[in-house]
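A short worksheet on the structure shown next.
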Amino acid sequence: MSDAIFPNKTTPTIGFVSLGCPKALTDSELILTQLSAEGYQTSKTFQGADLVIVNTCGFIDDAIKESLDTIGEALTENGRVIVTGCLGAKASDDGGNLVRQMHPKVLAVTGPHATQEVMDAVHTNLPKPHDPFVDLVPNAFGVAGIKLTPRHYAYLKISEGCNHRCTFCIIPSMRGDLVSRPIGDVLGEARALFEGGVKELLVISQDTSAYGVDVKYRTGFWDGKPVKTRMLELVQTLGEIAEPYGAWVRLHYVYPYPSVDDIIPLMAAGKVLPYLDVPLQHSHPDVLRRMRRPASGERNLERLQQWRQACPEIVIRSTFIAGFPGETEEEFAHLLDFVREAQIDRAGCFAYSPVKGAAANDLPGMLPLEIREERRARFMEVAEAVSATKLQRRVGSTMQVLVDSAPGMGKKGGLGRSYADAPEIDGVVRLLPPEKISKTLKVGEFTKARIVSAQGHDLVALPI
Ligand code: SF4
-17 MSDAIFPNKT TPTIGFVSLG CPKALTDSEL ILTQLSAEGY QTSKTFQGAD
33 LVIVNTCGFI DDAIKESLDT IGEALTENGR VIVTGCLGAK ASDDGGNLVR
83 QMHPKVLAVT GPHATQEVMD AVHTNLPKPH DPFVDLVPNA FGVAGIKLTP
133 RHYAYLKISE GCNHRCTFCI IPSMRGDLVS RPIGDVLGEA RALFEGGVKE
183 LLVISQDTSA YGVDVKYRTG FWDGKPVKTR MLELVQTLGE IAEPYGAWVR
233 LHYVYPYPSV DDIIPLMAAG KVLPYLDVPL QHSHPDVLRR MRRPASGERN
283 LERLQQWRQA CPEIVIRSTF IAGFPGETEE EFAHLLDFVR EAQIDRAGCF
333 AYSPVKGAAA NDLPGMLPLE IREERRARFM EVAEAVSATK LQRRVGSTMQ
383 VLVDSAPGMG KKGGLGRSYA DAPEIDGVVR LLPPEKISKT LKVGEFTKAR
433 IVSAQGHDLV ALPI
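Each residue of the sequence shown is one higher than the one before, counting from -17 in the numbering used here.
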């Protein structure tokens, strides 16, 4: 699934202008790829966008003038502008920032090669779609490629496309059927990422549990040994590769097929994180049938409960759609009960929104927008209560936290995540300043922390 399912109305859109040399262009590519990976759409016009990013050049006077003029134009036509690139780093005559002096209304200014800073400014000014099924990060990092994420975590894409035909989704018509990457390539890329300092590997695809179906689970080779192109072998081997690096492996987009049961013991044994992102979309069997979802609903609750028995610390994240065509109040109530009973740790929910070309548009019983929105709000209320209770139970425990941000070596605290939090889509662990003078925090390193309280989706913890 992707933002394509929930088009313009709910998808934040960004206008982008790239000026300057090939190096600036590469910066633009990195920013655009990251925007797309996070589910933002790009717009060709300033007016049609929620905000505009101008990547500037500050090399010669003509280029400076062109950049300043473009910023002015974007401010006039759109009003919400983030400036990046060489001109952003240029000082004015009085020692201030040239762009800010000329255009005080810009939202943020960064220098060149500052993807993360630009993304931070985008997140501050235009929250990203809270959609875990965002477009996948292209296969650009790894063995010889460019990494588009902070240095300490990376996405590992194992396949492209999808063999299912969910009625609300147009991904298969855009990206085609499932094509699994050769297992040797995937594992080789994983090792290169760990070698390069990655401490958390996020396995992504459209349907991770279907890995290898298209090649009939063909036996491939890695490190001189035969390995089947199949989820179980993939996860087992990723766990083995990660171990000497002390790194995490996190699984996304896993459908609750019976074969996933075999992965749970690997989680219980600490080989991979006890975290599963399982996009369920609904619980009622009739709605799931109308959605034409893989791994239909009847046994999902039972399956989740079995997983929890086998691995009590498992965290389940999922997304749901409220107000699907024809959804009755009773079917919706089934969904609310399911979220309570299944104790979904992290749940996202969209009000159903028709997508051009999706089969669900022809289903009878389209609900008015107010009902769809109202159900979404009711869903989130229940889901947040479940999540908050579960977070509260962690208070007093000690968790391993991967540090994402720690200005000044963490002397004033920082931000991190536990195994229960995937980057960008879940909560965070807010780290307090360490009590011990000698204790420092470093981005990309693990720290143990004692949980002192829960706040909304987040935990507050004292590094120890
Ligand atoms: S499983 Fe369904 S929702 Fe996901 S990509 Fe395939 S068709 Fe779309």
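Just so it is clear, CB atoms sit at the ideal spot from N, CA and C, and this is done for glycine as well.
What's the gap between the Cα of residue i and the Cα of residue j?
i, j, result
"M273", "Q263", "9 Å"
"D117", "R133", "Note that D117 scores a pLDDT of 37, beneath 50, so its modelled location is shaky and nothing firm can be said."
"G378", "V385", "20 Å"
"T27", "T38", "17 Å"
"I419", "Q382", "20 Å"
"E215", "V209", "7 Å"
"Y199", "E225", "25 Å"
"S187", "E142", "6 Å"
"L12", "E309", "41 Å"
"V168", "I140", "6 Å"
"V36", "E48", "11 Å"
"V231", "P247", "14 Å"
"L444", "D403", "17 Å"
"T201", "T211", "6 Å"
"K(-9)", "G30", "Annotation note: pLDDT 48 at K(-9) (below 50); position unreliable, no value reported."
"G166", "W204", "5 Å"
"G228", "L255", "12 Å"
"E355", "A333", "5 Å"
"T301", "G179", "31 Å"
"A324", "Y137", "28 Å"
"V119", "V104", "Note that V119 scores a pLDDT of 40, beneath 50, so its modelled location is shaky; the value from the coordinates is reported in the next line. Straight-line Cα distance between these residues: approximately 18 Å."
"S18", "T24", "8 Å"
"K393", "R399", "18 Å"
"S74", "I53", "16 Å"
"G158", "T149", "15 Å"
"P114", "C151", "In this prediction, P114 scores a pLDDT of 39, lower than 50, which makes its location untrustworthy; the coordinate-derived value is nonetheless stated afterwards. If I take the Cα positions, the gap works out to 14 Å."
"G347", "H85", "51 Å"
"S369", "D319", "14 Å"
"A126", "G170", "With a pLDDT of 28 at A126, under the threshold of 50, the modelled position of this residue cannot be trusted; read the value that follows with caution. Each residue's Cα considered, the two are about 11 Å apart."
"A388", "P267", "46 Å"
Provide the residue span of the alpha helix (DSSP H) that contains residue i, from first to last.
i, result
"F176", "165 to 177"
"D319", "311 to 324"
"G221", "213 to 224"
"D44", "43 to 59"
"P445", "Note, P445: premise wrong, no alpha helix (DSSP H); beta strand (DSSP E) at 440 to 445."
"R271", "267 to 273"
"L80", "80 to 84"
"A487", "Since the first residue of the chain shown is -17 and the last is 446, residue 487 is not available in this structure."
"K100", "The amino acid occupying residue 100 in the given sequence is Val; Lys does not appear at that position. 97 to 107 is the extent of the alpha helix (DSSP H) around V100."
Would you mind reading off the limits of the beta strand (DSSP E) that contains residue i?
i, result
"N282", "Careful: N282 lies outside any beta strand (DSSP E), inside the alpha helix (DSSP H) at 282 to 292."
"T448", "Summary: the structure shown does not reach residue 448, with the chain confined to residues -17 through 446, and so no result is reported for it."
"V364", "Where V364 is concerned, there is no enclosing beta strand (DSSP E), although the alpha helix (DSSP H) it sits in stretches over 351 to 374."
"E182", "182 to 186"
"N37", "33 to 38"
"G404", "Note that residue 404 corresponds to Ala in the displayed sequence, not to Gly. Where A404 is concerned, there is no enclosing beta strand (DSSP E), given that its DSSP letter is neither H nor E."
"F302", "297 to 304"
Out of the options, point me to the one whose CA is closest to residue i's CA.
i, options, result
"L33", "L345, I296, L89, E406", "L89"
"Y257", "Y193, L80, R328", "R328"
"G305", "P294, G228, L317", "L317"
"R271", "L1, A71, R147", "R147"
"H439", "L423, E427, C68, R376", "R376"
"F176", "Y135, S162, I153", "Y135"
"G70", "K421, A96, D76, N145", "A96"
"E417", "T219, V411, A431", "A431"
"N60", "G2, V81, F(-2), G78", "F(-2)"
"Y239", "R285, G67, K207, M362", "R285"
"V517", "G206, A192, M249, G78", "No statement about residue 517 is possible, as the shown extent of the chain runs from -17 to 446 and does not include it."
"L414", "I407, S435, R299, D408", "S435"
"Q288", "A250, E20, E311", "A250"
"T15", "Q98, N79, A56, K87", "Q98"
"L345", "G78, T429, V269, P109", "V269"
ask   = Relative to ligand 1, what is the chain-ordered list of residues with a Cβ closer than 6 Å to any of its non-hydrogen atoms?
value = Those residues, listed in chain order, are M(-17), C144, H146, R147, C148, C151, I153, P154, Q188, D189, P276.
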